[in-house]
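Trainee:
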Ligand SMILES: [Zn+2]
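In our numbering, the protein residues as written are 24 to 240.
(1) State the Cα-Cα distance for the pair residue 84 and residue 149, rounded to the nearest angstrom.
(2) Can the beta-carbon of residue 128 be found less than 8 Å from the beta-carbon of residue 215?
(3) Identify, in the order they occur along the chain, each residue of the same chain with its Cβ nearer than 6 Å to the Cβ of residue 110, setting aside the five sequence neighbours on each side.
(4) Starting from the C-beta of residue 174, find all residues in its chain whose C-beta is less than 7 Å away, skip the five residues before and the five after it, and write them out in chain order.
(5) If we count the other Cβ atoms within 10 Å of its Cβ and call it buried at 16 or more, is residue 242 buried or exposed?
(6) Between residue 110 and ligand 1, is the CB less than 7 Å from at least one heavy atom?
(7) Please go through the same chain and pick out, in chain order, the residues whose beta-carbon is closer than 8 Å to the beta-carbon of residue 25, but skip the five residues on each side of it.
(8) Assuming contact is defined by CB atoms lying nearer than 8 Å, are residue 93 and residue 119 in contact in what I supplied?
(9) Helix, strand or coil for residue 189? Go by DSSP, reduced to three states.
(10) Is DSSP giving residue 237 helix, strand or coil here?
(11) Using alpha carbons as the reference points, say which of 155, 198, 203 lies closest to residue 186.
(12) Is the stretch 128–143 touching the stretch 213–231 in the sense that three or more CB pairs, one from each, lie closer than 8 Å?
So, in structure tokens, the structure goes:
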């Protein structure tokens, strides 16, 4: 008989949903850990590449990716245990990112003022590895982003990073064609400004909405 199968399906749906809901924090944690592994690997590749390329941009992009690891720790806190601890950690990490952005900005400005040879443009293609990390992380966060604002914010950030990489690749083309040395520190400065703007905007949102800033949007 076909009917019992249908009946069983309808009966088990709420139970399946409840089981999926119970498993959700663990699945989210695995997604975050996978994204962290990919991000760390790419950051190390970029750091290594920057030594050979002599590129300030690759250093900034690698440090930017390492800052993502700090953002990911917030995502590892299950929602129901969030509250004050999640709020405090999020604010602390955003302030840390502001400091990182300011330090990168200072280095980039100094790089702009200092005469230095243009980096090896081919190695700037390593930023494609950064793009891969952004897109893989976006894919991993797509599902939890449907129910958690913090994942949605991280997903939006990763997609904006992907757009930044496209600018970097245009810059790499400029360096390859015209050997313009200031393009590299200018790209690095864009990374710094992006981090300052992103963390600054979220801290302003926190100031405006209180701890509820991390729950809706
Ligand atoms: Zn980023």
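We treat Cβ as the ideally placed atom computed from N, Cα and C, and that holds for glycine.
Mentor: A quick look at the data gives this:
(1) Mapped onto the chain shown, residue 84 falls at position 61. Mapped onto the chain shown, residue 149 falls at position 126. Using only the alpha carbons, I get a separation of about 10 Å.
(2) Taking the chain shown and counting its residues from 1, the one referred to as residue 128 is at position 105. Taking the chain shown and counting its residues from 1, the one referred to as residue 215 is at position 192. For residue 128 and residue 215, yes; Cβs fall inside 8 Å.
(3) As a working mapping, residue 110 is identified with position 87 in the chain shown. Counting only residues of its own chain and dropping the five nearest sequence neighbours on each side, residue 110 has a CB closer than 6 Å to the CB of 234.
(4) Position 151 of the chain shown, counted from the first residue, corresponds to residue 174. The residues are 98, 164, 167, 168.
(5) Within the shown structure, residues of the chain are numbered from 24 to 240, placing residue 242 beyond reach of any answer.
(6) Translated into positions along the chain shown, residue 110 becomes position 87. It does not: the Cβ of residue 110 is nowhere closer than 7 Å to a heavy atom of ligand 1.
(7) By 1-based counting over the chain shown, the position of residue 25 is 2. Caution is warranted here: a pLDDT of 48 is assigned to residue 25, below 50, making its placement in the model unreliable, and the coordinate value is therefore given only provisionally. Within the same chain, no Cβ atom closer than 8 Å to the Cβ of residue 25 is found once the five residues on either side in sequence are excluded.
(8) Position 70 of the chain shown holds residue 93. Position 96 of the chain shown holds residue 119. Contact: yes.
(9) In the chain shown, the residue the question calls residue 189 occupies position 166. If DSSP states are grouped into helix, strand and coil, residue 189 belongs with the helices.
(10) To locate residue 237, count along the chain shown from 1; it is residue 214. Helix at residue 237.
(11) Residue 186 sits at position 163 when you count from the first residue of the chain shown. Here the closest residue by C-alpha is 155.
(12) yes
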